[in-house]
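Visitor: Can you read through this structure? Questions will come right after.
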Amino acid sequence: DGGITQSPKYLFRKEGQNVTLSCEQNLNHDAMYWYRQDPGQGLRLIYYSQIVNDFQKGDIAEGYSVSREKKESFPLTVTSAQKNPTAFYLCASSARGLTVAEQYFGPGTRLTVT
Amino acid sequence: AQKVTQAQTEISVVEKEDVTLDCVYETRDTTYYLFWYKQPPSGELVFLIRRNSFDEQNEISGRYSWNFQKSTSSFNFTITASQVVDSAVYFCALSRPWLTGGGNKLTFGTGTQLKVEL
Chain A
717 DGGITQSPKY
727 LFRKEGQNVT
737 LSCEQNLNHD
747 AMYWYRQDPG
757 QGLRLIYYSQ
767 IVNDFQKGDI
777 AEGYSVSREK
787 KESFPLTVTS
797 AQKNPTAFYL
807 CASSARGLTV
817 AEQYFGPGTR
827 LTVT
Chain B
535 AQKVTQAQTE
545 ISVVEKEDVT
555 LDCVYETRDT
565 TYYLFWYKQP
575 PSGELVFLIR
585 RNSFDEQNEI
595 SGRYSWNFQK
605 STSSFNFTIT
615 ASQVVDSAVY
625 FCALSRPWLT
635 GGGNKLTFGT
645 GTQLKVEL
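Here is the structure:
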């Protein structure tokens, strides 16, 4: 089945540690995205990539880093510089065209940093 | 700048009632796209619908219907004869076309929590 996988579902880390969240898609989509969701808030864009080996900062990129070495993979690293890393992280992907394409989301990773 | 407002934080209804979720947006673009997503308790967002700014025709899909009114910058979502399985958080979102440099990025509202009780 085509889709987006994120692992793990729950992740616990100590403050000061970097942590990498996995996102893999087999939809053959060119574009991939990382969003952060906090309780009672909408999703906010962290980083996005429209093509392999290229990515751009979203609205809240500080304290995060990404790479896009393969079309199907877009890992997100939450660094120790991120002041409030505890959140629900969602990865998405979409086709790339002239107008717009709906984004499809993975199941998310809930990160807790103590 | 783009903005999406979902003023209803939480709505509770009894099963079989109709319910409307409001969405108001702001954009300077003449071409834009509006979306609705459903987030069940499992957390994954499920795509429901996409509309472009040139198509104001209302759409119906089973118990779901959408009312797009450019004059009031609104894109409301109605569930007819609600069911317990409709309980979820619903997000409205706005996007610009790729060609404007928007990168297909979504601007989300804060969501409306819908609770359908027996």
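From first to last, the protein sequence lines stand for chains A and B. Residue 717 is where the first sequence starts when you use this note's numbering, and the numbers rise one by one after that. Residue 535 is where the second sequence starts when you use this note's numbering, and the numbers rise one by one after that. A virtual CB, placed ideally from N, CA and C, is assigned to each residue, including glycine.
List the residues of chain A whose Cβ lies closer than 7 Å to the Cβ of B/L579, in chain order.
Guide: L806, F821, listed in chain order.
Visitor: Helix or strand or just coil, what does DSSP make of A/T815?
Guide: Residue state, collapsed to three classes: coil.
Visitor: Going straight from the alpha carbon of A/L743 to that of A/E818, what length do you get?
Guide: Rounded to whole angstroms, A/L743 to A/E818 spans 13 Å at the Cα level.
Visitor: Using the Cα positions of B/V618 and B/L582, report the straight-line distance between them to the nearest angstrom.
Guide: The straight-line gap from Cα to Cα measures roughly 18 Å.
Visitor: On the DSSP bridge assignment, give the partners of A/R826 in chain order.
Guide: A/Y726, A/F804, per the DSSP bridge assignment.
Visitor: Measure the Cβ-Cβ separation of A/D754 and A/A797 and say whether it is below 7 Å.
Guide: Against a cut-off of 7 Å, the Cβ pair of A/A797 and A/D754 comes out as no contact.
Visitor: Flag this pair as yes or no: are the beta carbons of A/G758 and B/T644 separated by less than 7 Å?
Guide: Their beta carbons are under 7 Å apart, which means A/G758 touches B/T644 by this criterion.
Visitor: At the level of alpha carbons, what is the spacing between A/V794 and B/G637?
Guide: Roughly 23 Å separates the two Cα atoms.
Visitor: Can you pull the chain B neighbours of A/A797, defined as C-beta to C-beta under 8 Å?
Guide: Simply none; closest approach about 23 Å.
Visitor: With a CB to CB cut of under 6 Å and the five nearest residues on each side skipped, what residues in its chain are close to B/S587?
Guide: T565, Y566, listed in sequence order.
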